[in-house]
Amino acid sequence: MNIKSKLVISLLTLAAFSHCTYEPYPQGKELYEAYCSNCHSSDGTGLKDLIPDIRNSTYYSTRKSQLACIIKHGLVAQDSTQVIMDMPPAPKLSNFEISNIINYINHQWNEDFKEVLILDIDADLENCVNQK
Amino acid sequence: MKQLAFLILLSGFLSCKDQDPLPILGRSFEENGVTIHHTIPDFSLLNQDSVYVSNADLENHIYISDFFFMSCPTICPRVKKQMLRLYDTYKNDALIKFVSHSIDGKRDTPSALKQYAYNLDVDTEKWMFLTGNRGDVIDIADDYFVAAFEDSDAPGGFDHSGKIILVDKNRHVRAFCEGTDPDDVTEFFGDVQKLLNEYKK
Numbered sequence: 236m237n238i239k240s241k242l243v244i245s246l247l248t249l250a251a252f253s254h255c256t257y258e259p260y261p262q263g264k265e266l267y268e269a270y271c272s273n274c275h276s277s278d279g280t281g282l283k284d285l286i287p288d289i290r291n292s293t294y295y296s297t298r299k300s301q302l303a304c305i306i307k308h309g310l311v312a313q314d315s316t317q318v319i320m321d322m323p324p325a326p327k328l329s330n331f332e333i334s335n336i337i338n339y340i341n342h343q344w345n346e347d348f349k350e351v352l353i354l355d356i357d358a359d360l361e362n363c364v365n366q367k
Numbered sequence: 008m009k010q011l012a013f014l015i016l017l018s019g020f021l022s023c024k025d026q027d028p029l030p031i032l033g034r035s036f037e038e039n040g041v042t043i044h045h046t047i048p049d050f051s052l053l054n055q056d057s058v059y060v061s062n063a064d065l066e067n068h069i070y071i072s073d074f075f076f077m078s079c080p081t082i083c084p085r086v087k088k089q090m091l092r093l094y095d096t097y098k099n100d101a102l103i104k105f106v107s108h109s110i111d112g113k114r115d116t117p118s119a120l121k122q123y124a125y126n127l128d129v130d131t132e133k134w135m136f137l138t139g140n141r142g143d144v145i146d147i148a149d150d151y152f153v154a155a156f157e158d159s160d161a162p163g164g165f166d167h168s169g170k171i172i173l174v175d176k177n178r179h180v181r182a183f184c185e186g187t188d189p190d191d192v193t194e195f196f197g198d199v200q201k202l203l204n205e206y207k208k
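Line by line, the protein sequences give chains F and R. Under the working numbering, the final residue of the first sequence carries the number 367; numbering is consecutive throughout. Under the working numbering, the final residue of the second sequence carries the number 208; numbering is consecutive throughout.
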């Protein structure tokens, strides 16, 4: 094998590996680890019926337009819902950061991945401010 | 050849270590020629059914214990996930019980803990959730070598460590692990098994 073909093979191998580990939302991943993973786990599985699983769960998928609000303002435990523990708010997160977190979660674990745009997040957060 | 000798020597040491019984942890002292070991003191705490539980309810059992509070936003869910791993493995072993202590007696009432156990989908005959006056639980945490105290600067209002502790039939602490570290918990499984073997010989 000449040097050229060796180079091509090693480049191809590198490309194959880096493709597998490619993370399109690196900031989303970091923020997820910092803000979400203590409770929802690094693998998104949550904790039985105490902390919802966010991988393709109905709980998650039926609340898609509320996600930004929930992340920013948290949830308060109520008898009328399945939530028995508060979810703490993260008021310091910017809309951009929230969109990265949501895109990371969706890309990582939810089958029908469709990127949310910052405009959607702006609108969702506007709506939840109005609700309050 | 040298390498082989080294490996044999190493495996010898490792297996020796494996055969040693678990140590009795904590401070011990001599009295009249008898060694007195650290022992979990008498306690009386409310369980998830508002029934007082004491050491007598754990007699003839070994138990795995942790300290937490329901609204804890940091390490508690991580530790509970590991407790659940242990529970799933040993839930059918009649010798073992699980005891979780809430350090937040004000908010974690027995009925709140009952709901918590229900949502965690565990049998409270096997895994009890105890609460009491703040001081009572925090005092007893010391005896399990767990740091727990109120701290208004800490997330959720309490600072505490995420240790999981193994206690034998004689109320002696025999092993512990860091409940936030899944690998450490994997090693802890070996300690639990070792203690079980002590009683099943």
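The beta carbon of each residue, even a glycine, is placed where N, CA and C say it ideally should be.
By the rule that beta-carbons nearer than 8 Å mark a contact, cysteine 271/F does not touch chain R.
The DSSP assignment places 36 to 38, 41 to 43, 51 to 53, 59 to 61, 69 to 75 as complete runs of the beta strand (DSSP E) inside the segment 28 to 88 of chain R, in order along the chain (cut-off: 3 residues).
Around the C-beta of glutamine 55/R, 16 or more other C-beta atoms lie within 10 Å, and the residue is accordingly described as buried. When secondary structure is reduced to three states using DSSP, valine 180/R falls in the strand class. For the segment 55 to 79 of chain R, the set of positions with a beta-carbon nearer than 8 Å to some beta-carbon of chain F reads Met77, Ser78 in chain order. For aspartate 64/R, the closest alpha carbon among the candidates Cys83/R, Asp49/R, Gln200/R, Phe74/R is that of Asp49/R. Aspartate 166/R: member of the beta strand (DSSP E) spanning 165 to 167, first to last residue. Contact of isoleucine 82/R with chain F by beta-carbon distance below 9 Å involves Asn273. Excluding residues up to 5 positions away in sequence, Thr42, Ile43, His44, His45 lie with their Cβ nearer than 7 Å to the Cβ of serine 35/R in the same chain.
For tyrosine 94/R, the nearest beta carbon of chain F is not closer than 8 Å to its own beta carbon. Chain R places no beta carbon closer than 8 Å to that of leucine 328/F, leaving this residue out of the contacts. Comparing C-alpha distances from asparagine 330/F to each of Leu242/F, Asn291/F, Gln262/F, Ser245/F shows the shortest one belongs to Gln262/F. For the set Pro117/R, Asp166/R, Cys184/R, the Cα lying nearest the Cα of alanine 154/R is the one of Asp166/R.
For aspartate 128/R, the residues of chain F that pass the 8 Å Cβ criterion are Lys283, Asp284, in the order they occur in the chain. Considering only beta carbons, the part of the segment 96 to 128 of chain R lying closer than 9 Å to chain F consists of Ala119, Gln122, Tyr123, Tyr125, Asn126, Leu127, Asp128, in chain order.
For serine 78/R, the closest of Ser72/R, Gly33/R, Lys87/R, Gln26/R by C-alpha to C-alpha distance is Lys87/R. Residue-level contact check: proline 323/F touches chain R, since one or more beta carbons of chain R fall below 8 Å from its beta carbon.
Where isoleucine 305/F is concerned, there is no enclosing beta strand (DSSP E), although the alpha helix (DSSP H) around it starts and stops at 302 to 308.
Neighbours of arginine 85/R in chain F, taken as residues at a C-beta separation under 7 Å, are given in chain order as Asn273.
The C-beta of lysine 88/R comes closer than 8 Å to at least one C-beta of chain F. Annotation: the continuous beta strand (DSSP E) that includes phenylalanine 156/R extends over 155 to 157.
Taking 8 Å as the Cβ-Cβ cut-off, the segment 333 to 346 of chain F has no residue approaching chain R. Considering only Leu246/F, Lys264/F, Thr248/F, Lys239/F, the residue with the shortest C-alpha distance to histidine 342/F is Lys264/F. In this structure alanine 303/F touches aspartate 359/F by the C-beta definition: roughly 4 Å separates them, less than 8 Å. Spatial neighbours of isoleucine 305/F in its own chain (CB-CB distance under 8 Å, excluding positions within 5 residues in sequence) are listed in chain order as Arg298, Met322.
For the pair valine 192/R and leucine 247/F, the Cα-to-Cα distance works out to about 39 Å. Beta-bridge analysis with DSSP links valine 106/R to Ser72/R, Met135/R.
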